[in-house]
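Q: Quick note on the numbering used here: the sequence shown kicks off at 16 and runs consecutively.
Built from N, CA and C at the ideal position, the CB exists for glycine as well.
This one's a predicted model, so the numbers in the text were calculated from it and none came from an experiment.
Below is a structure I'd like to ask you about.
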Amino acid sequence: MANFPSRPLPSEEELKRFFVGKDVGDVPKPSIVLDLNIIKKHCTTMLQTTKSLEVGFRAHVKTHKTRQLANLQVGDEGDANFVASTVPEIEALVPLLKAIQQAGRRINILYGIPLVPSQIPRLADLARKLGKDSISVMIDHPDQVEHLKQFAPIASYPACVFVKVDAGYHRAGLPPTALNKDGMLEKLAEAEKSGHANLLGVYSHNSLSYGGASPAEAMTYLTSEIASCRKALEHNSSLLPQDRKLVISVGATPQVVSSQNLLHESQGCPEAETLKALLRDLHESTKVELHAGVYPVLDMQQLSTNAVLQRGKAEEEIAISVVAEVCSLYNDGERSKPEVLVAAGTLALGREPCPSYRGWGVVSPWRRDESSGLLIVERISQEHGIVSWEMGKAQNTTIPLQVGQPVRIYPNHACITGALYGWYLIVDSSQDPDSARIVDVWMRTAGW
16 MANFPSRPLP
26 SEEELKRFFV
36 GKDVGDVPKP
46 SIVLDLNIIK
56 KHCTTMLQTT
66 KSLEVGFRAH
76 VKTHKTRQLA
86 NLQVGDEGDA
96 NFVASTVPEI
106 EALVPLLKAI
116 QQAGRRINIL
126 YGIPLVPSQI
136 PRLADLARKL
146 GKDSISVMID
156 HPDQVEHLKQ
166 FAPIASYPAC
176 VFVKVDAGYH
186 RAGLPPTALN
196 KDGMLEKLAE
206 AEKSGHANLL
216 GVYSHNSLSY
226 GGASPAEAMT
236 YLTSEIASCR
246 KALEHNSSLL
256 PQDRKLVISV
266 GATPQVVSSQ
276 NLLHESQGCP
286 EAETLKALLR
296 DLHESTKVEL
306 HAGVYPVLDM
316 QQLSTNAVLQ
326 RGKAEEEIAI
336 SVVAEVCSLY
346 NDGERSKPEV
356 LVAAGTLALG
366 REPCPSYRGW
376 GVVSPWRRDE
386 SSGLLIVERI
396 SQEHGIVSWE
406 MGKAQNTTIP
416 LQVGQPVRIY
426 PNHACITGAL
436 YGWYLIVDSS
446 QDPDSARIVD
456 VWMRTAGW
């Protein structure tokens with residue numbers, strides 16, 4: 016198919032020639048930075064956790080939209096399963112997906128919103144290029160099954176299908192007892208017989224866990240989500256295939272990373288024991304698969320969930336930051352409290368709230384006196400951010416920054432902040448303790 020129009024961007028080679036080797040404080044700002052060392056740590060931990068728990072893993076790429084990080088998410092062995100929110104994300108991964116196939120590994124990538132009929136030709140063309148069972152779609156309405164008939168004639172293969180279950184988040188999907196809405200499952204069975212579909216299982220995403228504040232809460236959300244999908248399979252068992260294990264695919268980063276707690280001593284934690292028991296019960300009859308996306312980079316929202324028992328400081332856990340420049344200082348009584356103006360506002364940081372503090376980003380301790388206290392971006396407009404001490408700090412304490420000084424800001428929501436940029440500047444704190452020397456540039460996919 017013809018390439019879809021998109022915004023023109025510099026080539027990756029041009030960007031590397033300009034940025035690599037420079038200090039992040041010396042490049043045009045605002046800019047967005049990823050720490051490769053932290054990303055690798057989180058990706059390795061996730062893969063080790065799912066392997067130890069004997070569950071599958073499906074890596075969501077919507078947060079970063081880069082082939083390099085997608086590659087790190089699936090490691091170098093076993094099946095490589097992905098989920099994407101837009102078709103361009105999948106199209107951009109084709110070279111990586113083919114390389115994974117050439118290494119003898121199976122791939123599957125799910126278009127992660129209920130099927131948009133106008134996108135079927137593009138998805139089918141991708142399946143034609145990547146082969147049988149490479150592309151999955153999500154359905155939660157019987158009309159979508161009818162539209163699937165467009166897929167196989169283009170792809171030469173049926174579309175793999177997940178049925179979307181609403182486990183309480185109410186964004187998309189059907190309740191567990193209503194999966195056969197207007198005969199949807201019966202229509203799906205007919206589509207299988209006619210070679211238009213191949214049912215893989217059920218899929219749920221529950222971001223209610225973003226409102227949690229403890230490992231126990233996150234594990235409870237994960238248990239509830241798995242139980243909802245189990246109920247969906249059991250309630251509708253007479254309408255579902257009996258010749259294969261179906262997949263229960265569940266997750267959002269807080270509850271998925273909470274599964275790491277199961278690898279540590281959990282006696283005395285009833286939520287952990289309940290989750291362990293549920294996974295054991297399902298092992299023989301069903302394939303459990305976890306999916307998550309923001310976990311490699313994290314952000315202030317994710318830290319606020321406290322989903323993992325063993326977690327370090329923000330600068331040890333958050334891989335993403337926005338580098339901004341100080342414009343002006345208001346330390347001398349001009350205002351009711353000291354404030355600093357930075358040249359980064361809504362279009363550099365996003366405008367997503369965080370439960371743990373009242374602000375739009377946290378200024379990292381990078382290249383400033385960490386002992387002085389927590390600085391936050393308290394107010395923002397389009398291109399301006401107002402930095403102040405977090406509530407509780409003495410209101411007359413001078414903010415120790417200077418005009419022209421670069422600062423690094425941890426965003427509240429990495430998925431939204433990343434979407435405001437065309438590429439990431441990559442640093443590696445394992446090689447550079449100051450995590451400031453640019454070692455690579457990763458292009459982001461954009462558009463729909």
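1. So glutamate 249 packs on arginine 73, CB below 8 Å; how close in whole Å?
2. CB-CB under 6 Å to glycine 400, same chain, minus the five flanking residues each way: which ones, in chain order?
3. Enumerate, from N- to C-terminal direction, the unbroken alpha helix (DSSP H) stretches of 4 or more residues contained entirely within the region 120-203.
4. Tell me, which residues are paired with cysteine 369 by DSSP?
5. Hey, would you say alanine 212 sits closer than 8 Å to valine 271, going by beta carbons?
6. On the premise that phenylalanine 34 lies in contact with isoleucine 453, defined as a C-beta separation below 8 Å, what is that separation, rounded to the nearest angstrom?
7. Alpha carbon to alpha carbon, what distance is there between histidine 162 and glutamine 134?
8. Kindly indicate the opening and closing residues of the beta strand (DSSP E) around isoleucine 441.
9. Please state the DSSP three-state secondary structure of methionine 458.
10. In chain order, what are the residue ranges of uninterrupted beta strand (DSSP E) at least 3 long that sit wholly in the region 388-423?
11. Assuming glycine 433 contacts alanine 461 under a Cβ cut-off of 8 Å, what Cβ separation, rounded to an integer in Å, is found between them?
12. Quick check on the DSSP output: what are the complete alpha helix (DSSP H) runs of length 4 or more inside the region 18-65, in order along the chain?
13. Have a look at the DSSP bridge pairing and note the partners of alanine 8.
14. Do you know offhand how far isoleucine 333's Cα is from threonine 320's?
15. What separation, rounded to the nearest whole angstrom, lies between the Cα atoms of isoleucine 154 and serine 46?
16. Where does cysteine 342 sit, in a helix, a strand or coil, going by DSSP?
17. Grouping DSSP H, G and I as helix and E and B as strand, with all else coil, what is proline 353?
A: Taking the coordinates as given:
1. Actually they are not in contact, since the Cβ atoms of glutamate 249 and arginine 73 sit about 22 Å apart, beyond 8 Å.
2. Val357, Ala359, Gly360, Val392
3. 135-145, 157-162, 166-170
4. Tyr372
5. no
6. With a Cβ gap of about 5 Å, isoleucine 453 and phenylalanine 34 count as contacting.
7. 10 Å
8. 438-442
9. strand
10. 390-395, 400-404
11. In fact, because the Cβ distance is near 10 Å, the residues do not count as touching under 8 Å.
12. Counting only runs of 4 or more, we get 27-34.
13. Any property of residue 8 remains undetermined from this structure, which presents the chain solely from 16 to 463.
14. 14 Å
15. 38 Å
16. strand
17. Three-state result, proline 353: coil.
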